[in-house]
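**Q**
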Amino acid sequence: MSTLLIKNIGVLATSPDSSIKKGIHQKDILLMKDAYILCEDGRIRDYDSGVLPEADEVIDAKGKLVTPGLVDAHTHLIFGGWRQNELAMKLAGAGYLDILNAGGGILSTVKETRKASKEELYRKTKGFLDEMLRMGTTTCEAKSGYGLNLEDEVKQLEVIRELDEKHPMDLVATYLGAHAYPEEYINDHERYIKEICEKVIPYVADHKLAEFCDVFCETGVFSKEESERILLKGKEYGLKSKIHADEIDAIGGSLLAGEIGAVSAEHLIVCSDEGIAALSKGGVIACLLPATSFYLSADFARARKMIENDVPIAFGSDFNPGSCPCLNLQLVMNLGCLKYRMTPEEVLNAVTINAAAAIDRADRIGSIEAGKQADLVIWDAEDLNYLCYRMGSNLAHRVIKKGETVYLNEETD
Ligand code: NIG
Ligand code: FE
372 MSTLLIKNIG VLATSPDSSI KKGIHQKDIL LMKDAYILCE DGRIRDYDSG
422 VLPEADEVID AKGKLVTPGL VDAHTHLIFG GWRQNELAMK LAGAGYLDIL
472 NAGGGILSTV KETRKASKEE LYRKTKGFLD EMLRMGTTTC EAKSGYGLNL
522 EDEVKQLEVI RELDEKHPMD LVATYLGAHA YPEEYINDHE RYIKEICEKV
572 IPYVADHKLA EFCDVFCETG VFSKEESERI LLKGKEYGLK SKIHADEIDA
622 IGGSLLAGEI GAVSAEHLIV CSDEGIAALS KGGVIACLLP ATSFYLSADF
672 ARARKMIEND VPIAFGSDFN PGSCPCLNLQ LVMNLGCLKY RMTPEEVLNA
722 VTINAAAAID RADRIGSIEA GKQADLVIWD AEDLNYLCYR MGSNLAHRVI
772 KKGETVYLNE ETD
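To get the numbering used here, take the position in the sequence shown, counting from 1, and add 371.
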């Protein structure tokens with residue numbers, strides 16, 4: 372048994388429990404001043420203020436803010452190449468779907484990802500995970516979706532599995548074969564959907580390569596009916612549902628999410644009142660991606676309306692080489708405040724307990740509670756407002772994963 376004490380915490384800020392936070396509870400945060408946290412064998416044993424317990428190792432937080440490790444509920448982490456050439460196209464006025472239809476966008480990343488070896492993808496993704504940890508993210512979801520055939524989707528999912536085993540970051544895998552139609556099936560959508568349903572989903576499920584199945588439900592990509600077929604097939608094989616819904620056009624993705632009880636619906640930039648009602652009724656978590664709205668110069672999802680309608684809000688970075696080459700959740704938190712008009716308390720729940728719930732991990736991460744994994748961040752911030760107010764700097768001072776320090780900014784020690 373080994374114990375770790377984090378003392379002199381200026382403010383401890385956490386969801387008080389593991390329940391999903393929605394409506395008026397989206398803002399429920401416990402704030403404790405002059406606190407300590409006692410950890411044992413990588414788990415939280417206790418937290419309180421007052422007389423300090425004994426421990427084998429002591430970390431002095433020197434009056435700083437401590438929160439649970441951040442959880443990134445939506446990333447497309449595994450890909451070959453980059454797409455910096457698209458910046459000029461965008462500046463010249465091309466839209467996201469224009470670029471996709473011109474064979475750029477997702478399909479150009481598919482080419483690069485198919486070309487890349489598993490080792491190359493592993494090394495590249497490991498670099499992303501190192502960077503994410505340094506910025507306070509301790510668990511992330513990771514999607515496939517740049518292989519679009521059995522072999523290359525499996526290659527991506529195997530990289531996710533290996534990194535989950537070997538890297539301090541915890542990863543949760545999502546199969547996103549329905550991210551685009553691959554070039555070989557561009558004129559035969561039905562055959563691609565059959566390949567997904569009859570070949571890839573059974574393989575992914577049998578080999579336990581993913582926990583979730585996701586679909587890009589969008590104009591020119593997968594219709595509501597096609598998305599439903601794929602997600603229901605996934606469910607049949609034990610894969611929980613996520614859906615990219617209402618990002619550019621509202622073609623029914625949020626309605627479908629509500630109907631089938633998806634765990635989460637992502638983006639929701641143009642989600643209608645009816646869509647919000649469906650999410651609320653179906654108990655679906657809205658996984659909002661404000662950095663993508665920013666990067667696409669698009670509108671921002673109507674987070675306040677969702678909160679009013681009891682839809683729980685989680686955040687993700689949406690890190691990917693096209694619509695959001697940003698893996699900084701601190702920036703996502705800034706945008707959540709400024710663009711969604713969410714308070715720092717609401718935002719903290721969106722990147723901790725609700726993000727954990729969006730990847731079905733709320734029982735072990737996302738809050739500071741006895742028995743939970745000791746995934747914690749000590750911030751160069753005196754309170755939660757400061758963390759959400761500063762922009763563009765990395766304020767993570769020390770990142771602790773399962774009780775071990777995985778990053779320390781020695782300059783601010
Ligand atoms: O979530 N919307 C679809 N997929 C990604 C973009 C992927 C890409 O452009 O490569 C997203 O924004
Ligand atoms: Fe995405």
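Each residue gets a CB set at the ideal place from its N, CA and C atoms; glycine is no exception.
In this structure, does DSSP put residue 644 in helix, strand or coil?
**A** Counted from its first residue, the sequence shown places residue 644 at position 273. Reduced to three states, the DSSP call for residue 644 is helix.
**Q** Leaving out five residues on either side along the sequence, give the residues of the same chain with a beta carbon under 6 Å from the beta carbon of residue 385.
**A** As a first step, residue 385 is located in the sequence shown; it is residue number 14 there, counting from the start. Closer than 6 Å at the Cβ level, and outside the excluded window around residue 385, lie 401, 439, 738, 739.
**Q** Could you tell me which residues DSSP puts in a beta bridge with residue 778?
**A** As a working mapping, residue 778 is identified with position 407 in the sequence shown. Note: residue 778 sits in a beta bridge opposite 770.
**Q** Between 512, 392, 490, 474, which has its C-alpha nearest residue 688's C-alpha?
**A** Here residue 688 refers to the residue found at position 317 of the sequence shown. The shortest C-alpha separation from residue 688 is found at 512.
**Q** Can residue 786 be considered in contact with the ligand FE, in the sense that its beta carbon sits closer than 7 Å to one or more heavy atoms?
**A** Within the shown structure, residues of the chain are numbered from 372 to 784, placing residue 786 beyond reach of any answer.
**Q** Just grab the DSSP bridge partners of residue 512 for me.
**A** On the sequence shown, position 141 is the one that residue 512 refers to. 543.
**Q** Would you call the CB atoms of residue 767 and residue 756 closer than 8 Å?
**A** Here residue 767 corresponds to residue number 396 of the sequence shown, with the count starting at 1. Here residue 756 corresponds to residue number 385 of the sequence shown, with the count starting at 1. For residue 767 and residue 756, no; Cβs fall outside 8 Å.
**Q** So for residue 499, helix, strand or coil by DSSP?
**A** The sequence position of residue 499 within the sequence shown is 128, counting from 1. DSSP places residue 499 in helix when its eight states are reduced to three.
**Q** Rounded to whole angstroms, what's the CA-CA distance from residue 561 to residue 481? Just pull it up for me.
**A** Locating residue 561 in the sequence shown gives position 190, where the first residue counts as 1. Locating residue 481 in the sequence shown gives position 110, where the first residue counts as 1. Near 20 Å, if we compare the C-alpha coordinates of residue 481 and residue 561.
**Q** Are there three or more Cβ pairs, one per stretch, closer than 8 Å when the stretch 665 to 678 is compared with the stretch 410 to 420?
**A** As far as the Cβ criterion goes, the stretch 665 to 678 does not touch the stretch 410 to 420, which means the pair count is below three.
**Q** Might you give, ordered along the chain, the residues of its own chain that have their beta carbon closer than 6 Å to the beta carbon of residue 716, omitting 5 neighbours on each side?
**A** Position 345 of the sequence shown holds residue 716. These residues qualify, in order along the chain: 398, 400.
**Q** Is it the case that the CB of residue 396 approaches a heavy atom of the ligand FE more closely than 7 Å?
**A** One-based indexing of the sequence shown puts residue 396 at position 25. No.
**Q** So for residue 699, helix, strand or coil by DSSP?
**A** Here residue 699 is taken as the residue at index 328 of the sequence shown, counted from 1. Three-state result, residue 699: coil.
**Q** What would DSSP say about residue 650, mapped onto helix, strand or coil?
**A** Sequence index remark: in the sequence shown, residue 650 carries index 279 (1-based). Helix, per DSSP.
**Q** Beta carbon of residue 456: closer than 7 Å to some heavy atom of the ligand NIG?
**A** The residue you call residue 456 lines up with position 85 of the sequence shown. Answer for residue 456: no, Cβ out of range of the ligand NIG.
**Q** Check whether the Cβ of residue 477 sits closer than 7 Å to any heavy atom of the ligand NIG, and report yes or no.
**A** Within the sequence shown, numbered from 1, the residue matching residue 477 stands at position 106. Answer for residue 477: yes, Cβ within range of the ligand NIG.
**Q** Are residue 338 and residue 639 closer than 8 Å when you measure CB to CB?
**A** This structure cannot speak to residue 338, because the chain is shown only from 372 to 784.
**Q** From residue 569 to residue 773, what distance separates their C-alpha atoms?
**A** Here residue 569 is taken as the residue at index 198 of the sequence shown, counted from 1. Here residue 773 is taken as the residue at index 402 of the sequence shown, counted from 1. Approximately 39 Å between the Cα atoms of the pair.
**Q** Count Cβ pairs between the stretch 508 to 526 and the stretch 454 to 470 that sit closer than 8 Å; are there 3 or more?
**A** Too few Cβ pairs lie closer than 8 Å, so no.
**Q** Among 610, 603, 621, whose alpha-carbon lies nearest the alpha-carbon of residue 630?
**A** Translated into the one-based positions of the sequence shown, residue 630 becomes position 259. Closest option to residue 630, Cα to Cα, is 603.
**Q** Since residue 410 sits in a beta bridge, which residues does DSSP pair it with?
**A** Position 39 of the sequence shown, counting from 1, holds the residue named residue 410. For residue 410, which the question treats as bridged, DSSP gives the partners 375, 415.
**Q** Are the beta-carbon atoms of residue 622 and residue 594 separated by less than 8 Å?
**A** Mapped onto the sequence shown, residue 622 falls at position 251. Mapped onto the sequence shown, residue 594 falls at position 223. Yes; because the gap between Cβ atoms is below 8 Å, this pair is in contact.
**Q** Short of 6 Å in beta carbon distance, which residues of its chain neighbour residue 380, apart from the five on each side in sequence? Order them along the chain.
**A** Indexing the sequence shown from 1 puts residue 380 at position 9. Closer than 6 Å at the Cβ level, and outside the excluded window around residue 380, lie 406, 432, 437.
**Q** Where does residue 723 fall in DSSP's three states?
**A** Within the sequence shown, the letter at position 352 stands for residue 723. In this structure, residue 723 counts as coil in the three-state DSSP scheme.
**Q** What are the residues that DSSP puts in a beta bridge with residue 635?
**A** Against the sequence shown, residue 635 aligns to sequence position 264. DSSP output for residue 635 lists 613, 656 as bridge partner(s).
**Q** Note the first and the last residue of the continuous beta strand (DSSP E) segment covering residue 584.
**A** Translated into the one-based positions of the sequence shown, residue 584 becomes position 213. Taken as a continuous stretch (DSSP letters only), the beta strand (DSSP E) holding residue 584 covers 583 to 586.
**Q** What residue does the alpha helix (DSSP H) around residue 661 start on, and which one ends it?
**A** On the sequence shown, residue 661 is found 290 positions in, with the first residue counted as 1. Residues 661 to 666.
**Q** Identify the residues that DSSP records as bridge partners of residue 428: which are they?
**A** For the purposes of this step, residue 428 is taken as residue 57 along the sequence shown, with counting starting at 1. The partner list for residue 428 (beta bridge, DSSP) reads 375.
**Q** Between residue 750 and residue 389, what straight-line distance do the alpha-carbon atoms span, to the nearest angstrom?
**A** Working through the sequence shown from its first residue, we reach residue 750 at position 379. Working through the sequence shown from its first residue, we reach residue 389 at position 18. Their backbone Cα atoms lie some 22 Å apart in a straight line.
**Q** Just the Cα atoms here: how many angstroms apart are residue 328 and residue 718?
**A** This structure cannot speak to residue 328, because the chain is shown only from 372 to 784.
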